[in-house]
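Enquirer: Quick note: the sequence shown, position 145, residue 202 per this note's numbering, numbers continuous.
A virtual CB, placed ideally from N, CA and C, is assigned to each residue, including glycine.
Please read these numbers as outputs of a predicted model, since none were measured by experiment.
Sharing a structure below in structure tokens format, with a few things to ask.
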Amino acid sequence: MIVTIAGKPGSGKSTVAKLLAKKLKFKVFSAGDLRGQIAIKHGMTIDQLNEVGKKERWTDEECDKLLAKMGKEQDNIIFDSRLAWHFVPNSLKIFLDVDLYESAKRIFANQRKDEAKVSTTKEMYDKLVARQKGDVARFKKWYGVDVLDMKKYDAVIDTTKLSQKQVLKKVVEAVNKEIA
Numbered sequence: 058m059i060v061t062i063a064g065k066p067g068s069g070k071s072t073v074a075k076l077l078a079k080k081l082k083f084k085v086f087s088a089g090d091l092r093g094q095i096a097i098k099h100g101m102t103i104d105q106l107n108e109v110g111k112k113e114r115w116t117d118e119e120c121d122k123l124l125a126k127m128g129k130e131q132d133n134i135i136f137d138s139r140l141a142w143h144f145v146p147n148s149l150k151i152f153l154d155v156d157l158y159e160s161a162k163r164i165f166a167n168q169r170k171d172e173a174k175v176s177t178t179k180e181m182y183d184k185l186v187a188r189q190k191g192d193v194a195r196f197k198k199w200y201g202v203d204v205l206d207m208k209k210y211d212a213v214i215d216t217t218k219l220s221q222k223q224v225l226k227k228v229v230e231a232v233n234k235e236i237a
């Protein structure tokens, strides 16, 4: 079984992917971690890499090729990626939704080292709105897909008011439904 977990920034994709992998004894692959490594390799922040990605496709291609290859060659894996469902069509496709203000609070509290720092939750919110708009446009431009079209997913879970444990429970229910 292959599970792809997509969603908005701050929805809990990475955390839930790791928790689910532990529970199912699956491997986990994080596209975000790989993109962070690509950014560092090129002397950029993830925000700068995303900005370049608006005009140049190479910023996504390395990750995309690896996702597609792994999706064909591996099993018992969870992909933490906003676009893996597109490259691994035979997967259980889960989307984690979240209110963007809640997302801003979560990300502000746990800022990553490969992202430019912000000083306030409002600044993080503004950054997230711009990032989501840019990512959606980039994915439409390069792949012709709308990552926010919920019809693309087998399960959509709003994590805004849920604990990690509650989100994991809902994801496990979706996995069990797929297996049944």
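1. Rank Ile62, Trp142, Pro66 by C-alpha distance to the C-alpha of Tyr182 and give the top, closest one.
2. Are three or more beta carbon pairs between the segment 74 to 84 and the segment 129 to 145 nearer than 8 angstroms?
3. Is the Cβ-Cβ distance between Tyr210 and Lys150 less than 7 angstroms?
4. Quick test of the definition: if touching needs 3 or more C-beta pairs under 8 angstroms, does the segment 178 to 197 touch the segment 93 to 101?
5. What is the DSSP secondary structure of Gly100, counted as helix, strand or coil?
6. Using the Cα positions of Glu130 and Ala161, report the straight-line distance between them to the nearest angstrom.
7. Confirm, please, whether the CB-CB distance from Val202 to Ser12 is below 7 angstroms.
Expert: Put simply:
1. Here residue 182 refers to the residue found at position 125 when the sequence shown is read from its first residue. Ranked by Cα distance from Tyr182, the first of Ile62, Trp142, Pro66 is Pro66.
2. yes
3. On the sequence shown, residue 210 is found 153 positions in, with the first residue counted as 1. On the sequence shown, residue 150 is found 93 positions in, with the first residue counted as 1. Going by C-beta atoms, Tyr210 is nearer than 7 angstroms to Lys150.
4. no
5. Locating residue 100 in the sequence shown gives position 43, counting from the first residue. The DSSP-derived three-state label of Gly100 is coil.
6. Numbered from 1 along the sequence shown, position 73 holds the residue referred to as residue 130. Numbered from 1 along the sequence shown, position 104 holds the residue referred to as residue 161. Approximately 36 angstroms, taken between the alpha carbons.
7. Residue numbering for the chain in the displayed model covers 58 to 237; residue 12 lies beyond these limits and cannot be assessed.
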